[in-house]
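Visitor: Residue numbers (numbering that gives the first Met the number 0), protein chains in the order written: chain A, 0 to 435; chain B, 0 to 435; chain C, 0 to 435; chain D, 0 to 435.
4 protein chains.
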Amino acid sequence: MFAAGRVPAAVDDAAWLQAMLDFEAALARASARVGIVPTEAAEEIAAACRAELYDVDELGRASADAGNPAAPLVKALTAQVGEEAAAHVHRGATSQDVVDTAAMLVAKQALAVLLDDLHAAGDACARLADAHRETVVAGRTLLQQAAPLPFGLKAASWLSGLVEARTHAAACDQQLAAQLGGAVGSLAALGDDGLAVAAGLARELGLTEPALPWHTIRVRVGMLAGVLGVTAGVVEKIARDVILLAQTEVGEAREAGAEGRGGSSTMPQKQNPVGAVAAAACACRVPGLVATLLSSMGQEHERAAEGWQAEWETLSDLLRLVGSATAHLRVVLEGLALDPDRMRENLDRTGGLLLAESVVTALTPTLGRAKANKLVTAASKEAAAGVSFHDALMRVPEIAEQLGAHGVAAALSPESYLGVSSALIDRALAAHHRDD
Amino acid sequence: MFAAGRVPAAVDDAAWLQAMLDFEAALARASARVGIVPTEAAEEIAAACRAELYDVDELGRASADAGNPAAPLVKALTAQVGEEAAAHVHRGATSQDVVDTAAMLVAKQALAVLLDDLHAAGDACARLADAHRETVVAGRTLLQQAAPLPFGLKAASWLSGLVEARTHAAACDQQLAAQLGGAVGSLAALGDDGLAVAAGLARELGLTEPALPWHTIRVRVGMLAGVLGVTAGVVEKIARDVILLAQTEVGEAREAGAEGRGGSSTMPQKQNPVGAVAAAACACRVPGLVATLLSSMGQEHERAAEGWQAEWETLSDLLRLVGSATAHLRVVLEGLALDPDRMRENLDRTGGLLLAESVVTALTPTLGRAKANKLVTAASKEAAAGVSFHDALMRVPEIAEQLGAHGVAAALSPESYLGVSSALIDRALAAHHRDD
Amino acid sequence: MFAAGRVPAAVDDAAWLQAMLDFEAALARASARVGIVPTEAAEEIAAACRAELYDVDELGRASADAGNPAAPLVKALTAQVGEEAAAHVHRGATSQDVVDTAAMLVAKQALAVLLDDLHAAGDACARLADAHRETVVAGRTLLQQAAPLPFGLKAASWLSGLVEARTHAAACDQQLAAQLGGAVGSLAALGDDGLAVAAGLARELGLTEPALPWHTIRVRVGMLAGVLGVTAGVVEKIARDVILLAQTEVGEAREAGAEGRGGSSTMPQKQNPVGAVAAAACACRVPGLVATLLSSMGQEHERAAEGWQAEWETLSDLLRLVGSATAHLRVVLEGLALDPDRMRENLDRTGGLLLAESVVTALTPTLGRAKANKLVTAASKEAAAGVSFHDALMRVPEIAEQLGAHGVAAALSPESYLGVSSALIDRALAAHHRDD
Amino acid sequence: MFAAGRVPAAVDDAAWLQAMLDFEAALARASARVGIVPTEAAEEIAAACRAELYDVDELGRASADAGNPAAPLVKALTAQVGEEAAAHVHRGATSQDVVDTAAMLVAKQALAVLLDDLHAAGDACARLADAHRETVVAGRTLLQQAAPLPFGLKAASWLSGLVEARTHAAACDQQLAAQLGGAVGSLAALGDDGLAVAAGLARELGLTEPALPWHTIRVRVGMLAGVLGVTAGVVEKIARDVILLAQTEVGEAREAGAEGRGGSSTMPQKQNPVGAVAAAACACRVPGLVATLLSSMGQEHERAAEGWQAEWETLSDLLRLVGSATAHLRVVLEGLALDPDRMRENLDRTGGLLLAESVVTALTPTLGRAKANKLVTAASKEAAAGVSFHDALMRVPEIAEQLGAHGVAAALSPESYLGVSSALIDRALAAHHRDD
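Now the structure itself:
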């Protein structure tokens with residue numbers, strides 16, 4: 000439930016281990032390229048940088064003593080290669096270089112999957128938006144019926160959120176940078192070759208080359224956290240709408256139910272919106288983790304004594320939860336079944352009262368907004384007391400005079416009061432496809 | 000202390016009130032431009048949109064009953080203008096349109112100040128970075144002395160954080176968008192003119208025109224929160240470094256003390272780093288507020304029944320605290336007094352031990368990193384027991400042979416082990432100035 | 000909206016100022032009692048400890064320079080009294096002693112109001128619980144109708160939350176302690192009289208005397224934050240239930256609407272649950288503030304350089320929001336109007352399907368839970384396809400045989416499936432009254 | 000590093016699985032006791048409630064479809080027993096009853112370990128407090144030396160935090176309650192036996208019997224979270240103090256270093272305070288998780304559609320991190336090595352300036368606090384300019400007259416200015432032992 004889709008595998012212990020090894024391989028090769036490590040040694044090191052050669056549990060235990068996972072890995076890697084190559088393992092780097100670069104590699108792979116799932120969820124929304132330009136549903140504000148809108152606009156609105164999240168996540172991906180600074184960020188252990196090795200390392204790994212080492216300037220981590228938080232927020236919004244639409248008393252949408260899915264252990268009749276609930280539950284765990292990463296940014300001097308260490312698991316959890324939330328949502332949206340009859344039935348439930356604003360709008364050009372509002376409010380109250388809203392409106396002389404029975408009826412037709420919904424849907428679709 | 004600099008005035012009640020009125024004025028004018036409101040009426044409305052005409056406290060009280068601050072303001076504004084103009088006040092808009100657009104206007108003004116203070120703080124860092132390329136200070140990891148670096152690189156690192164925060168804040172500023180959707184986001188009350196009015200409104204206010212209304216898609220609010228969180232994180236990092244450098248036992252930097260500033264009520268000798276403490280205290284209150292805004296993103300249907308309302312004060316607090324933190328930091332950095340003698344004294348305190356890595360680096364080409372590391376570690380331990388580190392190193396035959404007394408002395412000179420610091424300082428300065 | 004009820008006035012600047020003055024008055028008197036300050040001087044100091052004698056804004060500005068609000072106040076108080084008394088102002092105390100004790104006094108007054116509002120809200124729930132023992136409503140899990148329960152049990156459940164919050168808040172109140180430690184917690188400036196003065200101070204102020212000064216051991220603040228967070232959580236739960244019950248499609252409850260309350264600026268028909276929305280919006284801002292206070296607990300050595308300062312405004316905001324949330328909720332509950340007809344109508348909406356578990360329960364003694372569940376699930380599916388649930392059940396031979404038409408009808412009667420609800424209601428009422 | 004000590008094993012998947020099985024066993028037995036389940040069936044069920052009989056990974060996968068882990072477990076357990084017993088598995092319970100009760104059982108076991116580690120950490124502090132009543136160290140406020148105190152008082156202060164955390168955690172443990180409410184909290188599926196079964200269940204499991212089912216009243220979870228947050232705050236405070244004391248420039252304490260522990264991958268001379276860093280890193284991840292649990296309290300109607308599900312992993316993470324933080328701290332405190340010579344050296348570094356308050360205190364009885372403060376401040380400034388503080392003080396006629404050279408020297412002796420430290424240490428020790 001909290002490890003759904005493909006992100007969890009991209010952020011597990013094995014993925015981190017491989018990413019740390021990828022750093023060491025790339026460092027060796029980049030160093031070879033500038034001539035400070037023999038090419039054969041670099042290749043021997045790179046060949047030993049395969050996760051399956053190491054015991055991830057044992058490295059984990061050793062991490063506690065070292066205070067970070069890089070130190071024991073460097074030791075193990077050094078032991079794995081011949082004496083000649085061993086002399087060149089990890090040259091010029093510090094533990095944090097390994098761990099930070101690995102974090103960026105892990106994030107990069109997780110983001111790739113996340114972007115894909117966001118896109119697929121967007122595709123599903125786009126289909127709903129396009130198909131339901133005419134399907135009228137009650138718009139709800141503060142969970143009260145307010146005015147009608149096409150379901151397609153609702154889906155287009157969801158889509159716009161997914162597109163925006165995708166855009167920000169993609170921009171964030173561009174800022175994932177390699178880390179190479181050595182002990183205190185001066186690259187001193189690489190002499191004059193520091194910048195060249197750092198540039199080569201980034202190129203080797205497909206990461207951005209930062210202007211400066213960023214050991215204690217954690218803007219990258221903070222921005223990534225922020226974007227993941229925003230993505231979770233969008234997912235939660237859509238998932239909650241689905242849960243609310245699926246309420247027994249609303250019944251306008253339900254999740255595609257595989258056999259056994261969403262059933263209750265004791266209530267045979269239930270069909271719970273388990274996918275949306277899972278998405279929302281993953282998403283609502285995200286803001287606390289974002290706060291943790293932001294709180295950890297005040298890192299001391301050249302390497303922190305708390306804030307940096309707190310990042311590792313938190314970042315993995317964050318990626319995993321946002322990835323899982325999005326994976327759940329994608330499934331929900333791809334299988335969402337709508338019930339336009341229930342939408343219409345719900346719409347009719349207030350006897351046209353949710354078109355009160357439509358009547359005000361029709362009257363505004365002649366009576367002004369304030370007066371129109373006052374007259375319609377009075378009629379609404381009468382209608383609440385039992386009269387039909389149409390009749391209540393017609394009893395008001397000014398309204399009857401300005402609109403006539405036909406005008407009132409037209410103003411009370413939901414289809415007549417959808418504004419520029421279709422153009423807005425087009426905009427959302429265009430933004431989705433532009434971003435492809 | 001928590002309302003320092005110029006941001007607090009940009010986010011106070013009066014600023015919000017004026018921003019809401021700016022929305023109404025711009026809406027009237029944009030509507031006039033498309034011909035649905037008479038120009039004279041629009042101008043009369045616009046003329047009444049001055050905050051000083053309204054009682055902000057009374058509006059505040061009325062907000063509670065209405066559930067938002069826009070409804071009573073619309074009423075008051077309607078009463079302020081003649082009957083003809085009154086008919087056109089707020090036409091086509093919903094309360095959330097007013098409040099959301101006002102929030103974006105308030106944020107825009109606060110960000111302008113924030114960007115300016117970030118830039119000025121960056122200028123101060125840039126001066127320190129350039130002036131202290133040769134001033135050697137102990138680099139500290141986990142608060143232990145690790146290896147030397149020029150203080151200029153430390154300042155350049157701070158600068159890089161400020162530049163990155165500024166870049167992200169500026170990008171965020173570009174995404175602040177007007178809001179106009181009407182009751183349920185379809186712009187139905189504006190008939191066919193909805194899109195034209197929405198575009199005109201944004202132009203009028205200098206805000207971005209969004210593709211769709213974003214009543215319950217709160218990506219803009221979430222991203223703004225994230226960027227503010229990251230900015231606070233950068234400020235906290237620098238402020239903490241200043242506090243740590245100002246420690247009695249370290250004494251490498253202190254804040255410029257105005258008369259009476261930083262004194263203690265009972266301890267006459269104290270000179271507290273009050274500016275840095277205030278900056279850090281403001282900053283550490285930020286992540287919780289970011290989490291609140293992210294948690295509020297799951298907004299129901301067409302208008303939320305909790306999450307939206309929770310945004311208003313939170314966003315003001317967030318802007319105020321980040322603005323105050325940055326204002327404090329600017330003052331601290333502009334007046335920061337360094338003590339290079341104490342830096343050198345502290346550097347010498349370990350008898351050269353913090354150059355152990357330098358010795359390893361010098362030995363690595365011939366002995367390999369692992370062996371070099373082992374030999375130097377052993378010598379470090381002897382040195383810890385009383386011998387001078389230089390002598391301890393010379394007692395190791397392989398070291399003595401490879402480096403000789405001169406080589407050892409050279410490796411133990413901090414100035415010889417600064418790597419590419421100066422080039423990195425240049426990069427930070429270039430990024431700062433490029434961003435001007 | 001975010002400053003409702005009586006807590007806001009208990010935590011505003013004037014309240015803090017008076018609380019700080021109360022500390023100084025109590026310190027002078029306690030010192031007089033042990034003989035280290037002349038009684039006349041103590042009384043002169045105490046007489047000068049009235050907030051109206053000081054300019055709260057000016058003190059606020061001076062706080063920024065001093066790094067805390069106590070130092071300028073001590074100066075102003077010293078200037079307010081004659082030379083003889085001036086010599087004894089603030090003797091033995093440090094700034095943090097003033098601010099921490101003031102925080103506890105402010106919290107104590109805010110808690111008193113909060114406890115009262117929690118009790119009144121509980122009274123309203125108690126009335127609902129007792130009055131609606133027989134009013135059947137659909138129980139909803141994951142927002143799906145699950146099984147019936149009396150509305151009284153729902154109200155009793157709310158009540159149990161309010162009682163628990165009240166119990167924890169009352170316990171917390173007992174732990175609010177005076178602070179007197181002097182510069183570093185040793186009370187050195189009071190010589191041998193430190194403990195006696197500290198004890199006298201606490202007695203004077205009606206606060207608990209702590210075993211040790213707690214300048215950087217912030218358990219009291221953290222626990223208070225936690226309890227306030229829990230209280231907000233309970234309020235949010237109830238407020239959300241009200242919002243959900245008030246949905247147009249559910250319509251089982253609505254807030255008492257004063258004239259103009261809960262109306263929309265554009266939709267005349269709307270009656271928004273503004274009280275519940277306000278309560279929920281206040282409450283959902285709380286967890287972030289709790290996290291800020293918990294994050295601030297890691298305070299350095301004898302006085303923090305960030306965490307302590309971050310507490311002041313945060314604690315006020317926290318008390319204000321929880322107080323406002325509770326004040327809103329109290330009003331909502333005291334005026335809540337129920338619609339038992341709509342409850343019944345909603346209950347009937349699934350044609351008895353939400354009594355599926357009841358049928359399973361009736362069958363379990365003879366068929367076993369698993370088999371009963373399987374048979375009823377199958378009948379539920381048929382019922383979903385159009386047949387009445389009663390008929391669908393009777394078509395299953397085992398069910399028809401075991402229960403007969405009468406038995407099936409009985410199992411499908413909501414009133415017959417309320418378990419021990421009434422006893423549980425009694426328990427909730429008893430707990431509420433026991434706690435009086 | 001984030002899974003240290005014995006709590007992690009108490010909250011892992013196997014522990015949760017066994018706890019859920021313990022619920023089912025206890026339910027069967029409690030039902031047998033009231034006669035609604037045959038004793039043999041109950042015993043057969045109980046015998047099948049051993050975690051090793053089930054595939055935890057497979058159950059995990061099935062949970063996602065069911066929306067909770069209880070439903071698939073009930074199915075698996077039903078399959079594990081004979082047909083007769085199968086009929087009685089899980090009778091009267093709902094999935095949330097299983098999961099909530101399991102959460103409380105898991106928490107109970109984790110708290111037992113946590114309390115033990117808190118106690119042991121307290122023992123270590125108690126030893127330090129008692130042994131260092133005379134070891135004078137510089138008290139530091141805002142990281143500036145302020146006034147001396149005995150290191151024993153510092154340790155006593157730490158101890159008081161640990162004792163308070165322990166007290167609150169123990170009180171919390173008493174509130175861990177069984178959950179049994181059935182589908183909607185009415186216990187309807189158990190007919191008249193609901194209360195008796197619920198009471199028996201709690202007794203069977205050693206948990207408290209709640210007044211009412213608490214499916215959506217999450218005070219227990221919130222309070223547990225709050226107390227864990229407070230505990231983490233205390234741990235972080237102490238850990239940070241250790242990190243600060245271990246700074247190269249302070250050097251007053253260091254962790255016992257096992258071979259290879261705390262070393263750097265590249266800086267041979269380093270001995271990092273890895274235990275304290277690990278403790279602090281675990282602890283600083285806690286507030287975000289607490290906020291998540293508090294944010295999740297607003298649970299809808301009879302079972303939440305997001306907030307409940309979000310609790311499971313969060314609670315485990317919270318217990319694990321607080322448990323690990325405490326386990327790390329215990330090791331740190333049990334092995335903490337102090338350096339009283341460095342303490343004295345640091346104390347002397349300001350030439351007596353940190354005894355300025357002591358001089359003020361000595362002068363206050365005759366000159367009054369304000370005048371004494373002014374004269375000593377002036378002398379402090381002269382001293383900062385090079386003169387010895389003693390001489391600077393003697394140059395002030397009023398001071399020389401009131402105290403004489405002897406009096407000044409006495410006031411400048413740290414040992415003479417420790418106030419009631421020893422009595423406070425006694426109080427802390429007494430509280431620690433009273434709580435045993």
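Each residue gets a CB set at the ideal place from its N, CA and C atoms; glycine is no exception. Just so you know, these numbers come straight off a predicted model, no measurement behind them.
How would you list, in chain order, the residues of chain B whose beta-carbon sits under 9 Å from the beta-carbon of residue 291/C?
Guide: 283, 284, 285, 286, 287 and 288
Visitor: Could you check where the beta strand (DSSP E) with residue 144/B kicks off and where it finishes?
Guide: For residue 144/B, the uninterrupted beta strand (DSSP E) run begins and ends at 143–149, by DSSP.
Visitor: Would the region 177–187 of chain C count as touching the region 145–155 of chain C if we require 3 or more Cβ pairs under 8 Å?
Guide: no
Visitor: In three-state DSSP terms, what is residue 28/D?
Guide: Helix.
Visitor: Counting only Cβ pairs nearer than 8 Å, list the residues of chain E close to residue 3/B.
Guide: Protein chains in the displayed structure are A, B, C and D, and chain E is not among them.
Visitor: List the residues of chain B that residue 294/D touches, going by C-beta distances under 7 Å, in chain order.
Guide: What residue 294/D touches in chain B: 294.
Visitor: Please compile the residues from chain A whose C-beta is within a distance smaller than 9 Å of the C-beta of residue 251/D.
Guide: The premise fails here: residue 251/D is roughly 16 Å from chain A at the closest Cβ pair, so nothing lies under 9 Å.
Visitor: So with Cβ pairs under 9 Å, would you call residue 384/D a contact of chain B?
Guide: No, residue 384/D lies away from the interface with chain B (no Cβ there is under 9 Å from its Cβ).
Visitor: Would you call residue 246/A buried or exposed, if buried means 16 or more other Cβ atoms sit within 10 Å of its Cβ?
Guide: buried
Visitor: How many Å lie between residue 160/C and residue 122/C at the Cα?
Guide: 13 Å
Visitor: Shorter than 9 Å from the beta carbon of residue 146/D to some beta carbon of chain C?
Guide: True, the Cβ-Cβ gap to chain C drops below 9 Å.
Visitor: Using DSSP with H/G/I as helix, E/B as strand and the rest coil, what is residue 302/C?
Guide: Secondary structure at residue 302/C: strand, using DSSP grouped into helix, strand and coil.
Visitor: Note down the Cα distance separating residue 336/C from residue 118/C, rounded to an integer number of angstroms.
Guide: Residue 336/C and residue 118/C have their C-alpha atoms some 20 Å from each other.
Visitor: Nearest CA to the CA of residue 10/D: which residue from 334/D, 320/D and 411/D?
Guide: 320/D
Visitor: For the region 332–357 of chain B, enumerate the residues whose C-beta is nearer than 8 Å to any C-beta of chain D, in chain order.
Guide: 345, 348, 349, 352, 353, 355 and 356
Visitor: Contact check, residue 417/C vs residue 185/D under 8 Å by CB: the rounded distance?
Guide: 6 Å
Visitor: May I ask you to report which of helix, strand or coil DSSP gives residue 253/C?
Guide: Strand at residue 253/C.
Visitor: Can you tell me which of the three DSSP states residue 483/D falls into?
Guide: Residue 483/D lies beyond the stretch modelled for chain D, which goes from 0 to 435, so this question has no answer here.
Visitor: Residue 345/D and residue 143/B - do their beta-carbons sit closer together than 9 Å?
Guide: no
Visitor: Reducing DSSP to helix, strand and coil, say where residue 247/A ends up.
Guide: coil
Visitor: Use the C-beta contact count for residue 396/B: other C-beta atoms within 10 angstroms, 16 or more gives buried, fewer gives exposed.
Guide: exposed
Visitor: Is there a Cβ from chain C that is less than 9 Å from the Cβ of residue 173/A?
Guide: no
Visitor: Can you give me, in chain order, the residues of the region 220–245 of chain D that have a beta carbon less than 8 Å from any beta carbon in chain C?
Guide: Among the residues of the region 220–245 of chain D, those with a Cβ less than 8 Å away from any Cβ of chain C are 221, 222, 224, 225, 226, 228, 229, 231, 232, 233, 235, 236, 238, 239, 240 and 243, in the order of the chain.
Visitor: Could you tell me which whole alpha helix (DSSP H) segments of length 4 or greater appear in the region 277–362 of chain B?
Guide: Within the region 277–362 of chain B, the complete alpha helix (DSSP H) runs of at least 4 residues are 285–294, 310–333 and 339–347.
Visitor: Thinking C-alpha only, which one of 87/C, 301/C and 80/C is nearest residue 444/D?
Guide: The structure shown has nothing for residue 444/D, since chain D only spans 0 to 435.
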